[in-house]
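What follows is a short report on a single structure.
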């Protein structure tokens, strides 16, 4: 056991304890240490990289890279999340949204569909997925269940929050589980585990009856004050869940809630925010990381592409770290047309990991409210080392093309040209015989060309050029509404309007 007596920062005192994991860890650690925040539970590489003292006490908030590496989830107390989010707001294309299903939240759910591995549940504000292995109950369509979120999912993915029917109360590195007994330690160090289990009774924390204690491995390195703070926090959450009727199913007094109460939220022990980084934001994170360790141009942009690309970055920096100096150029050279120039070795990275000519990619269309969907998949029919891709799609279905007003016919082609880092891209629609059906220019956050998809967040305002040559700027009202709703940062909106004005002039000439 460590002698570190670090404890969690008091909620609301402006100095939260934060645990960080994933590809953005070094940069976020640097940014947090520049404030009053404390980083706890740091990995060995981070401890070696920084000239700083890292505690092993419990955390008030976690920052964890999402599975697709596009951003991070921030979960914990409301004040701690606010402090962390302020630090993470690093660029015009940083977007953040509330998590409607933070881990630990309890819901009365209604089963809307049963699949082979589990059930889809309506939670009210969102959907969740209950694996059959996560419940002892028999689950059928239309059933109402009291569930707790085990793992949440960012809004830009097609995943649902994962649920369970057992109730847990977590604080830092300790979890209390309703209906269990005794003390367990999740560690491979048997000696440290036995020591921690034996010390638990000495902490003087009264745990509610009927709750078992499980310590995480990180607790084996914490001091007595840290252990006591974590266990006390978990006990408080367990008591709060009992007080908020999160354990029983309403007036019936069993595990099945009253039919009239579902779907809906019962308790939210902690809050959550999802933060998505665009190309400029990743460049800013590169700058923060470069203050700590050798960092190649486009470090986070490349690592976000794939596991293989991430490993390639690690290898390059290990072999050639001295070449990546502290004053490496990562400037943002922007012009009125919307070109954005954070340095990124597009030629080298895409030749190695894709996409290049002949590959198939999706056009991942992010919305300012956090949702995302694909506009379809197409073939990369041209590739240029300057960062430009031409993507050709065969259209199906019928109707009309948005804002263009021209007829959509099966067999039409859509030719989209994107350039890495540009705040816009055009799509030219043509009939099967090559006749133009108009050009639609989408204004968006800086485009990023990943191996399997082109990604950005749409900024609503667009410019169209119809077959008769008329040019029109559309959807300014939607951008204004998105800003008012807090979905689009003002700086990004200002950039979008500037880009749209330049495009309108250029297409009218």
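Numbering (our numbering), first residue to last: 864 to 1372. A virtual CB, placed ideally from N, CA and C, is assigned to each residue, including glycine. As the structure is a prediction and not an experimental result, all values here were calculated from the model.
Thinking C-alpha only, which one of the options is nearest residue i?
i            : options                : result
residue 1149 : 1140, 1161, 1127       : 1161
residue 1071 : 1313, 936, 1101        : 1101
residue 927  : 1308, 991, 1136        : 1136
residue 972  : 989, 980, 958, 1060    : 989
residue 894  : 974, 1331, 952         : 952
residue 907  : 1254, 888, 1146        : 888
residue 1076 : 1163, 1085, 1042, 1084 : 1042
residue 991  : 1073, 1268, 1016       : 1016
residue 1171 : 1314, 974, 1321, 976   : 1314
residue 1358 : 1285, 1093, 978, 976   : 1285
residue 965  : 1021, 1026, 985, 1020  : 1026
residue 1130 : 963, 970, 1308, 930    : 970
residue 1217 : 1234, 1157, 1187, 1251 : 1251
residue 1307 : 879, 1229, 1104        : 1229
residue 940  : 929, 882, 917          : 882
residue 1249 : 1281, 1238, 1268, 1304 : 1281
residue 1059 : 1091, 1040, 1044, 1159 : 1091
residue 1094 : 1288, 1037, 1126       : 1037
residue 1096 : 921, 1348, 1291        : 921
residue 947  : 891, 1233, 1163, 1345  : 891
residue 1242 : 1342, 1255, 1163       : 1255
residue 957  : 1046, 1233, 1361       : 1233
residue 1208 : 1185, 1224, 1179, 1253 : 1179
residue 1177 : 1224, 1320, 1061, 886  : 886
residue 1319 : 1294, 1302, 1287       : 1287
Assign residue i to one of two classes, buried (16 or more other C-beta atoms within 10 Å of its C-beta) or exposed (fewer than that).
i            : result
residue 1236 : exposed
residue 1183 : exposed
residue 1356 : buried
residue 1325 : buried
residue 1133 : buried
residue 1065 : exposed
residue 1054 : exposed
residue 1297 : exposed
residue 1152 : buried
residue 1034 : buried
residue 1371 : exposed
residue 1328 : buried
residue 1263 : exposed
residue 1240 : exposed
residue 1257 : exposed
residue 1057 : exposed
residue 978  : exposed
residue 1009 : buried
residue 1200 : Residue confidence for residue 1200 is low, a pLDDT of 48 falling below 50, so the modelled location carries little weight; the figure read from the coordinates is stated next. So residue 1200 ends up on the exposed side.
residue 1214 : exposed
residue 1089 : buried
residue 1032 : buried
residue 1247 : exposed
residue 1220 : exposed
residue 1007 : buried
residue 985  : buried
residue 962  : buried
residue 1353 : exposed
residue 914  : exposed
residue 880  : buried
Just checking my contact of residue i with residue j at CB under 8 Å: how many whole Å lie between their CB atoms?
i            : j            : result
residue 909  : residue 924  : Contact doesn't hold; Cβ gap of about 17 Å is too wide.
residue 1080 : residue 1231 : No, residue 1080 and residue 1231 are not in contact; Cβ-Cβ is about 39 Å, not under 8 Å.
residue 934  : residue 1140 : 5 Å
residue 1069 : residue 954  : Rounded, the Cβ-Cβ distance is 47 Å, inconsistent with contact.
residue 1212 : residue 1165 : 5 Å
residue 1283 : residue 1310 : 6 Å
residue 824  : residue 898  : The chain is shown from 864 up to 1372; residue 824 falls before or after that span and cannot be answered.
residue 1020 : residue 919  : About 32 Å separates the two Cβ atoms, so there is no contact after all.
residue 967  : residue 1011 : 7 Å
residue 1104 : residue 1226 : Their Cβ separation, rounded to whole angstroms, is 44 Å, which puts residue 1104 and residue 1226 out of contact at 8 Å.
residue 987  : residue 1086 : Going by Cβ atoms, the distance from residue 987 to residue 1086 rounds to 41 Å, so no, they are not a contact pair.
residue 1000 : residue 1014 : Going by Cβ atoms, the distance from residue 1000 to residue 1014 rounds to 20 Å, so no, they are not a contact pair.
In the DSSP output, what is residue i paired with across the bridge?
i            : result
residue 1314 : BP columns for residue 1314 are empty, so no partner.
residue 1287 : 1306
residue 1034 : 1037
residue 1292 : 1277, 1301
residue 880  : 901
residue 1328 : 1302, 1334
residue 1270 : 1263
residue 1241 : 1224
If you measure from the beta carbon of residue i to each beta carbon in chain C, is any gap under 8 Å?
i            : result
residue 1136 : The structure shown contains no chain C; it holds only a single protein chain.
Determine contact between the segment 1334–1343 and the segment 1268–1283, defined as no fewer than three beta-carbon pairs at a distance below 8 Å. With the rule of 3 Cβ pairs closer than 8 Å, the segment 1334–1343 does not count as touching the segment 1268–1283.
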